[in-house]
Amino acid sequence: MRKATLTRILSSSSYIIPGFVEIPFPPLNSHGGSLPFPLTASRTSSVFAHPLSRNVSTFLPPPEWIEPFIDISDLTIQNPRNLQSSPWIDRITNLLQDSPTMESDLSSFCHRFLIRLSPNFIAHVLGSTRLSKTTKVAFQFFRWAEKQKGYTHKLESYVFLIDLLSSSAQDSEVIRTLVAEIRDRGFVMTSSTSNSLIRSLGVMGMVEELLWVWRWMKENGIEPSLYTYNFLMDGLVNSMFVDSAEQVFEAMEAGKIQPDIVTYNILIKGYCKLGKTQKAMDRFREMESKHVHPDKITYLTLIQSFYSDGDFDACLGLYNEMEEKGVEIPSHAYSLVIGGLCRDGKVIEGYAVYESMGRRGCKANVAIYTALIDSFAKGGDVEEAMKLFEKMKDEGLEPDEVTFSVVVNGLCKAGKMEKAVECFKFCRENGVPINAVLYCSLINGLGKGGMVDEAERLFEEMEEKGCVRDSYCYNALIDAFAKAGRIDSALALFKRMEDEGCDQTVYTYTILIDGLFKKHKNEEALKFWEAMIDKGITPTPASFRALSMGLCLSGKVARACKILDDLAPMGILPDSAFEDMINVLCKAGRVKEACKLADGIIDRGREIPGRVRTVLINALRKAVSVIMHLDRKIISVIHDKSFWDVPIPSSTSWRRHVRVSSFIHLDTWLLSPP
DNA sequence: CTAGGGTTAG
Numbered sequence: 001m002r003k004a005t006l007t008r009i010l011s012s013s014s015y016i017i018p019g020f021v022e023i024p025f026p027p028l029n030s031h032g033g034s035l036p037f038p039l040t041a042s043r044t045s046s047v048f049a050h051p052l053s054r055n056v057s058t059f060l061p062p063p064e065w066i067e068p069f070i071d072i073s074d075l076t077i078q079n080p081r082n083l084q085s086s087p088w089i090d091r092i093t094n095l096l097q098d099s100p101t102m103e104s105d106l107s108s109f110c111h112r113f114l115i116r117l118s119p120n121f122i123a124h125v126l127g128s129t130r131l132s133k134t135t136k137v138a139f140q141f142f143r144w145a146e147k148q149k150g151y152t153h154k155l156e157s158y159v160f161l162i163d164l165l166s167s168s169a170q171d172s173e174v175i176r177t178l179v180a181e182i183r184d185r186g187f188v189m190t191s192s193t194s195n196s197l198i199r200s201l202g203v204m205g206m207v208e209e210l211l212w213v214w215r216w217m218k219e220n221g222i223e224p225s226l227y228t229y230n231f232l233m234d235g236l237v238n239s240m241f242v243d244s245a246e247q248v249f250e251a252m253e254a255g256k257i258q259p260d261i262v263t264y265n266i267l268i269k270g271y272c273k274l275g276k277t278q279k280a281m282d283r284f285r286e287m288e289s290k291h292v293h294p295d296k297i298t299y300l301t302l303i304q305s306f307y308s309d310g311d312f313d314a315c316l317g318l319y320n321e322m323e324e325k326g327v328e329i330p331s332h333a334y335s336l337v338i339g340g341l342c343r344d345g346k347v348i349e350g351y352a353v354y355e356s357m358g359r360r361g362c363k364a365n366v367a368i369y370t371a372l373i374d375s376f377a378k379g380g381d382v383e384e385a386m387k388l389f390e391k392m393k394d395e396g397l398e399p400d401e402v403t404f405s406v407v408v409n410g411l412c413k414a415g416k417m418e419k420a421v422e423c424f425k426f427c428r429e430n431g432v433p434i435n436a437v438l439y440c441s442l443i444n445g446l447g448k449g450g451m452v453d454e455a456e457r458l459f460e461e462m463e464e465k466g467c468v469r470d471s472y473c474y475n476a477l478i479d480a481f482a483k484a485g486r487i488d489s490a491l492a493l494f495k496r497m498e499d500e501g502c503d504q505t506v507y508t509y510t511i512l513i514d515g516l517f518k519k520h521k522n523e524e525a526l527k528f529w530e531a532m533i534d535k536g537i538t539p540t541p542a543s544f545r546a547l548s549m550g551l552c553l554s555g556k557v558a559r560a561c562k563i564l565d566d567l568a569p570m571g572i573l574p575d576s577a578f579e580d581m582i583n584v585l586c587k588a589g590r591v592k593e594a595c596k597l598a599d600g601i602i603d604r605g606r607e608i609p610g611r612v613r614t615v616l617i618n619a620l621r622k623a624v625s626v627i628m629h630l631d632r633k634i635i636s637v638i639h640d641k642s643f644w645d646v647p648i649p650s651s652t653s654w655r656r657h658v659r660v661s662s663f664i665h666l667d668t669w670l671l672s673p674p
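Numbering follows the UniProt record's numbering, with no gaps: position 580 of the first sequence is 580.
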């Protein structure tokens, strides 16, 4: 019956007095019937016993401390500790808003109803989830509460507030102050408060405070539980104190509480964060012997780490292990494994994993489909790529701008320009955001397909549409111009790039160097090379190739060699540089120069790779007449068994173990005897 | 009650 009355009062509109905060002092009616008193007999009588008027304030009792719960056990005998939530909780909570008057609202409310909020009450409100979104309000409330006469916070209030502040990534200074206050007050530690504090401080990465709480626990005779250890470990790991975490781990192993799967996962995460994936693997392998079985989190943490390292084989290995052991495979693990295989060009394997994913009832997402489409297209199978594109749409997945970009790129590479343009138009008409990458894919395709004007139009459209053009876009159009022989347009765009503040890259230079050589502007090409080096741009194998091929074909083999020799000490010279030159010389029928180059490489004490020998041999065979004019040194090199006596790659038309010496033997009569 | 995580494109 009392309970029913309580409910009625809580829900009745008369209970809520609109605008009461504006009333400087509550003109309470004398019988007090509408007051929100907690419905206990003692409370009711105590308030009714006093006149509620200001001018008799000297007779007022001290404001009553409000507790969060009302003991109504007197009403329910069978259940002796029946606690009912106080109706004041809702009323106070309603006042807690992000407003400048919040604190004065609270004060006048309490003044009006002659109440003080007890330490338990404050702790209860701070601990209730309703404040979790407004940490600022919680903090103000906390500070307001301690202004009440005779009030002192309970430890729980600190702990709840710190929990709120840490879970919303607040300024650590505030928390530091609160921890200092806890320290000064000399509270008695309990196991639940210490756990919560250690978690909060761990999230914030406040290691000093974390360790203080740890010591404080020990002083209070609280033995850390497994949870406490794990919280501490995670706190240390999250703030990159992996070494300390490792020490805690070892202390655990030596003590009463053994590390569990969570402890292992935290430590493994720590090693991975440091990039020490191998060390993480060592721990992982050691788990089984300690009878702790890796779970999906252990595996995913490791797979993620190997993925970041680019070690996709290791990702696959761990994935296979998960399958064998029947560990649940999270969809993110599939994403990483399939993504890795696709990036390695192993699209068939990637597709197989995708299929087994489907068999396990796990649905692929846009990223997985995009990775597969891209990999199929790059592997030359646009048909299969487009099939997957249709399939993902059938499954109700919305291709995003990345998917479209991959599709456009694939269609371009396959020479299906019409379809690529169609796809691009679809994006434009259907609200798919067209970013620089998508533009660039099509500009590239149009350029490679000889539709330079269309490429140029698209490039200009980017500016109209306010899409910022990065170096990729410039490079695409510069390449289109250069390949079409419009070297002046290319150079003009290079200039414009500079004017518009877009940095030229090694690709920009490579395109131009190649284009200039093709136009026989050898000196200008060299100038670009030097400008690039001066700018501190690191050459790539492709840029070497463009330069050395240009120089070789314009008859400046020696100069090319010199440039390459100069760069060799910098350690950036690719092994393929001379190889490329030999290739290009052979292709141009300049076998003698190619052989000379080979001699030079031997003279430098370096080895000629098998495939280069093959190229040389084939060129020699095609040009027996050249052999006749070879000088003695080249002949001796050719006759040198250590140079030639190596199996020739099976990719040639020759059988695997055919040796040049035998070929040379056939033609010995052509040569003057050594 | 703790612990992992976001992938795809030029």
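We treat Cβ as the ideally placed atom computed from N, Cα and C, and that holds for glycine. Quick caveat, the model's predicted, so the values are computed rather than measured.
Assuming contact is defined by CB atoms lying nearer than 8 Å, are residue 514 and residue 482 in contact in what I supplied?
Yes, the Cβ-Cβ distance between residue 514 and residue 482 is below 8 Å.
From residue 347 to residue 313, what distance separates their C-alpha atoms?
Roughly 13 Å separates the two Cα atoms.
Three-state secondary structure (DSSP) at residue 537?
Of the three classes helix, strand and coil, the one that applies to residue 537 here is coil, per DSSP.
Proximity winner among 204, 324, 326, 352, relative to residue 337 (alpha-carbon distances):
Nearest to residue 337 by alpha-carbon distance, out of 204, 324, 326, 352, is 352.
Would the beta-carbon of residue 439 fall within 8 Å of that of residue 467?
The criterion of a C-beta distance shorter than 8 Å is satisfied by residue 439 and residue 467.
At which residues does the beta strand (DSSP E) containing residue 116 begin and terminate?
Membership of residue 116 in the beta strand (DSSP E) is indicated by the continuous run 115 to 117.
For residue 65, which residues does DSSP report across the bridge?
Note: residue 65 sits in a beta bridge opposite 116.
For residue 101, is the classification buried or exposed, using 16 other Cβ atoms within 10 angstroms of its Cβ as the cut-off for buried?
Residue 101 should be labelled exposed.
What did DSSP end up calling residue 274 once you bin it into helix, strand or coil?
Residue 274: coil per DSSP, three-state reduction.
Between residue 200 and the rest of its own chain, which residues show a CB-CB distance below 6 Å, the 5 nearest in sequence each way excluded?
The residues are 162, 163, 166.
Going by the C-beta, is residue 555 closer than 7 Å to any heavy atom of the ligand MN?
The model depicted lacks the ligand MN and carries no ligand whatsoever.
What is the rounded straight-line gap between the Cα of residue 340 and the Cα of residue 315?
Just so you know, the alpha carbons of residue 340 and residue 315 end up roughly 8 Å apart.
Could you give the residue range of the beta strand (DSSP E) that holds residue 83?
First-last of the beta strand (DSSP E) with residue 83: 83 to 85.
Using the three-state DSSP reduction, which class does residue 329 fall into: helix, strand or coil?
Reduced to three states, the DSSP call for residue 329 is coil.
Please report the distance separating the alpha-carbon of residue 378 from that of residue 420.
Rounded to whole angstroms, residue 378 to residue 420 spans 15 Å at the Cα level.
Would you mind sorting residue 320 into buried or exposed? The rule is 16 or more other CB atoms within 10 Å of its CB.
For residue 320, the number of other beta carbons within 10 angstroms of its own is below 16, and it is reported as exposed.
What do you get for residue 504, buried or exposed, if any count of 16 or more other CB atoms within 10 angstroms of its CB means buried?
By the 10 Å Cβ count, residue 504 comes out buried.
Could you check the C-alpha separation between residue 508 and residue 305 for me, to the nearest Å?
Taking the straight line from one Cα to the other gives about 34 Å.
Hey, would you say residue 476 sits closer than 8 Å to residue 450, going by beta carbons?
No, the Cβ-Cβ distance between residue 476 and residue 450 is not below 8 Å.
Which runs of the alpha helix (DSSP H), 4 residues or longer, sit entirely within the UniProt repeat "PPR" (225 to 259)?
For the UniProt repeat "PPR" (225 to 259), whole alpha helix (DSSP H) runs of length 4 or above, ordered along the chain, are 226 to 238, 242 to 254.
Whole angstroms is fine: what's the gap from residue 261's alpha carbon to residue 293's?
Near 7 Å, if we compare the C-alpha coordinates of residue 293 and residue 261.
Assign residue 234 to one of two classes, buried (16 or more other C-beta atoms within 10 Å of its C-beta) or exposed (fewer than that).
By the neighbour-count definition (other C-beta atoms within 10 Å, threshold 16), residue 234 is a buried residue.
Can you tell me which residues form a DSSP beta bridge with residue 71?
Assignment of beta-bridge partners to residue 71 by DSSP yields 83.
With respect to the alpha helix (DSSP H) encompassing residue 451, which residues constitute its N-terminal and C-terminal limits?
It is not in any alpha helix (DSSP H) - residue 451 carries neither H nor E in the DSSP assignment.
For residue 128, which of helix, strand or coil comes out of DSSP?
DSSP places residue 128 in coil when its eight states are reduced to three.
Can the beta-carbon of residue 423 be found less than 8 Å from the beta-carbon of residue 407?
Result yes, Cβ atoms of residue 423 and residue 407 sit closer than 8 Å.
According to DSSP, is residue 220 helix, strand or coil?
Correct three-state label for residue 220: coil.
DSSP state of residue 609, grouped into three classes?
Coil.
Excluding the five sequence neighbours on either side, which residues of its own chain have a C-beta within less than 7 Å of the C-beta of residue 343, listed in chain order?
Excluding residues within five positions, the ones whose Cβ falls inside 7 Å are 312.
How big is the Cα-Cα spacing for residue 104 and residue 120?
Annotation: residue 104 to residue 120 spans about 21 Å, alpha carbon to alpha carbon.
Helix, strand or coil: how does DSSP classify residue 169 here?
Residue 169: coil per DSSP, three-state reduction.
To the nearest angstrom, report how far apart residue 277 and residue 271 are at their CA atoms.
Taking the Cα positions, residue 277 is about 6 Å away from residue 271.
Closest to residue 540 by CA distance: which of 577, 530, 240, 525 is it?
Per the C-alpha coordinates, the member of 577, 530, 240, 525 positioned closest to residue 540 is 577.
Inter-residue Cα distance where the pair is residue 613 and residue 587:
So the alpha carbons of these two residues sit roughly 14 Å apart.
Measuring CB atoms only, is the segment 249 to 266 touching the segment 224 to 234, in the sense that at least three cross pairs come out at less than 8 Å?
Between the segment 249 to 266 and the segment 224 to 234, the count of Cβ pairs shorter than 8 Å is three or higher; the stretches touch.
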